[in-house]
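A.B. asks: Sequence order for the protein chains is A and R. Using my numbering, you'd call the opening residue of the first sequence number 1 and step up by one each time. Using my numbering, you'd call the opening residue of the second sequence number 1001 and step up by one each time. Note that beta-carbon positions come from the ideal geometry of N, C-alpha and C, so glycine has one too.
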Amino acid sequence: MAKVTPHFLSLTGRQNRPNTLVNALYRLTVPLAFLGTTVTVQADELEVTFPTLNVAEYHAPYVAVWLADARGKRVVDIAVWYDTDMANNEGEKWLKDLRMWWRRSGRSASMPIDGVSGATHRPGTSSIDLNGRFEDVPAGDYFVWVEAARELGGRETLKVPLSLPVKQTVNTSAQGQHELSSIQLLMEPAQ
Amino acid sequence: MKKSLLIGATALALTLASPFSEAHRVWIKPSTTSVSGDSEWITFDVAVANGIFHPDHFAYPAERLSVVSPTGKPVDIQNQQKLRYRSVFDVELTESGTYKVFNASQSLVAFWKDEEGERHFWPGRGKTGTVEEFYQAVPQDADDLNVMETANRLETYVTLGAPTADNNKLTGKGLELKALTHPNDAYTGEPIDFQFFMSGDKAHGTKVIVVKDGEKYRDTAGGVEVTADQEGKISLQFDEPGMYWLEAEYEDNKAKAPAKKRRASYVLVFEVLPL
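See the structure below:
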């Protein structure tokens, strides 16, 4: 059965979805979904929650999300949230502070990465759509990594295991200490 | 007066020529080694001092350094300033890849005592001694005449984006490092493998010392000392991230006449990053 993969959804957080063209398209896809008879909507997603921090000068964290194999090698870049609005791409100056992701992927990438790069998110829960993101990944054991680094703040990484292809419902989470509250991975078996 | 000036100059020449023989250490220290973005600036200290990385002795002249871009183009150092105990300068990284900042020198040197027992050194400060000049300038029948081929190399590497090595081929001159692990890809808990070459040959027996920054805050200097194997290789591993100073020394008797020994030193500052 064919699946519609709304790629442009992958970076839009639930709680802070501004009224942009992309989100207008999102609202359009909901009625569109009923037009086709072969459309399947899966609940494959990663929820990333940042704490609200009571600090004098808060900057939203830079965040990278990626799939890596058991040896740590990056397989798929899922999301990179950074300051995309600065003139002359100056927001890229701090990408290196996502130092795990920078080594595994970022330093070799040409920014922005299509379908991966996006603006920073405010505190709260953001949802990343994972539908179809791992279709081309060979069967095996992987980890979904999340790394957050904040200006004048700290850095934290979390990871949850994921075996592909998904054979039974996955609902795994990891708790953070300071820069990340938690991450939660929800995956359903491929149809 | 003249004599004390001469001694001062000699001490300085020794310091620059061979940091090993004196207790002094020389380094080019970048503020950071791996940066991101379309372009970025990195600022550097260059100094000769007693402790790592605590400038307290002599400002190494930054104009002696060369900078090569990832594609092999010469790059100007900017905002250069000679301070009391260190020189400072900036490099703007505009190409993606690894920049090399270095000085390399080779010279014939001689030490001897004159009839009054006074020690002499040739050639003078910052000068390069050649074989022709040696026969003119150095009394061949002097007491304790010691003639050496020396080579000194001072390096550091900085990278915009992913590390590259296209601009870094061995020259076959002096003691050189072949970075089996790229100096800008060194991480805690992972082996860092280096190979040394002397005049293009694997430098078996090269003596290496590695000291982490913050030396002044430690009761024991805490340097790691290793000796290169038959292949000229060493393997390092560090638990602590930080800026590290590496000095290697090589010496043998394979010099060409009139030298009897050849002695070479190599200094690298590199950063070990945490994951």
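When you compare the CB of residue 99 of chain A with every CB in chain R, is at least one pair closer than 9 Å?
C.D. replies: It does; some Cβ of chain R falls within 9 Å.
A.B. asks: I need the boundaries of the beta strand (DSSP E) containing residue 62 of chain A, first residue and last residue.
C.D. replies: Per DSSP, residue 62 of chain A belongs to the beta strand (DSSP E) from 62-69.
A.B. asks: Following the continuous alpha helix (DSSP H) through residue 104 of chain A, name the residue where it begins and the one where it ends.
C.D. replies: Segment 99-104, the alpha helix (DSSP H) holding residue 104 of chain A.
A.B. asks: Identify which residue in A:152, A:157 and A:150 has its Cα closest to the Cα of residue 143 of chain A.
C.D. replies: That would be A:157, whose Cα lies nearest to the Cα of residue 143 of chain A.
A.B. asks: Check the Cβ-Cβ distances between residue 1273 of chain R and every residue of chain A, and say whether any is below 9 Å.
C.D. replies: With 9 Å as the cut-off, residue 1273 of chain R counts as an interface residue toward chain A.
A.B. asks: With distances taken between CB atoms, is the gap from residue 48 of chain A to residue 126 of chain A smaller than 9 Å?
C.D. replies: Contact flag set, yes.
A.B. asks: For residue 155 of chain A, which of A:131, A:188 and A:181 has the nearest alpha-carbon?
C.D. replies: Out of A:131, A:188 and A:181, A:181 has the C-alpha closest to the C-alpha of residue 155 of chain A.
A.B. asks: Could you check where the alpha helix (DSSP H) with residue 1134 of chain R kicks off and where it finishes?
C.D. replies: Here the alpha helix (DSSP H) through residue 1134 of chain R covers 1131-1137.
A.B. asks: Just to confirm my understanding: we take residue 93 of chain A, look at its own chain, exclude 5 residues before and 5 after, and list those with CB closer than 8 Å. What are they?
C.D. replies: So no residue of the chain qualifies.
A.B. asks: Under 8 Å: does the beta carbon of residue 1164 of chain R sit that close to some heavy atom of the ligand MN?
C.D. replies: Inclusion of the ligand MN in the displayed structure is not the case, the ligand content being empty and no account of it being possible.
A.B. asks: If you measure from the beta carbon of residue 93 of chain A to each beta carbon in chain R, is any gap under 9 Å?
C.D. replies: Closer than 9 Å: yes.
A.B. asks: Would you say the region 73-89 of chain A touches the region 1240-1260 of chain R, given that touching needs at least three Cβ pairs under 8 Å?
C.D. replies: In short, these stretches do not touch, since the Cβ pair count stays below three.
A.B. asks: Residue 1034 of chain R touches chain A at which residues, Cβ-Cβ below 8 Å?
C.D. replies: Under the 8 Å cutoff, chain A gives 96, 102 and 107.
A.B. asks: Would you report the Cα separation of residue 241 of chain A and residue 161 of chain A, rounded to the nearest angstrom?
C.D. replies: Any question about residue 241 of chain A goes unanswered here, given that chain A covers just 1 to 191.
A.B. asks: Would you say residue 1099 of chain R and residue 1047 of chain R are within 9 Å of each other, going by their C-beta atoms?
C.D. replies: Going by C-beta atoms, residue 1099 of chain R is not nearer than 9 Å to residue 1047 of chain R.
A.B. asks: Please list, in chain order, the chain A residues whose beta carbon lies closer than 7 Å to that of residue 1201 of chain R.
C.D. replies: Within chain A, no residue comes near residue 1201 of chain R; the closest Cβ sits about 34 Å away, beyond 7 Å.
A.B. asks: By how many angstroms is the C-alpha of residue 1267 of chain R removed from the C-alpha of residue 1026 of chain R?
C.D. replies: Near 7 Å, if we compare the C-alpha coordinates of residue 1267 of chain R and residue 1026 of chain R.
A.B. asks: Taking the CB atoms as reference points, tell me whether residue 1175 of chain R and residue 1198 of chain R lie closer together than 9 Å.
C.D. replies: Contact: yes.
A.B. asks: Just to check my reading of the structure: residue 137 of chain A and residue 67 of chain A have Cβ atoms closer than 8 Å, yes? What is that Cβ distance to the nearest angstrom?
C.D. replies: Right, their Cβ atoms sit about 7 Å apart.
A.B. asks: Anyone know if the C-beta pair for residue 1067 of chain R and residue 1091 of chain R falls short of 9 Å?
C.D. replies: Yes. Within cutoff.
A.B. asks: Restricting to runs no shorter than 3 residues, where is the beta strand (DSSP E) found entirely within the region 1080-1139 of chain R?
C.D. replies: Listed in chain order, they are 1087-1093, 1097-1113 and 1119-1122.
A.B. asks: Applying the 10 Å Cβ sphere with the 16-neighbour rule, what's the burial state of residue 1185 of chain R?
C.D. replies: Burial call: buried.
A.B. asks: Whose CA, out of A:54, A:130, A:53 and A:188, lies closest to the CA of residue 65 of chain A?
C.D. replies: Per the Cα distances, A:130.
A.B. asks: Since residue 1242 of chain R contacts residue 1214 of chain R with CB under 8 Å, what's their CB separation in whole angstroms?
C.D. replies: Rounded, the Cβ-Cβ distance is 7 Å, consistent with contact.
A.B. asks: Which residues in chain A have a C-beta closer than 9 Å to the C-beta of residue 1228 of chain R? List them in chain order.
C.D. replies: By Cβ distance, chain A contributes nothing, its closest Cβ being about 27 Å from residue 1228 of chain R, past 9 Å.
A.B. asks: Flag residue 90 of chain A as yes if its beta-carbon sits less than 9 Å from any beta-carbon of chain R, otherwise no.
C.D. replies: Judged by the 9 Å Cβ criterion, residue 90 of chain A is in contact with chain R.
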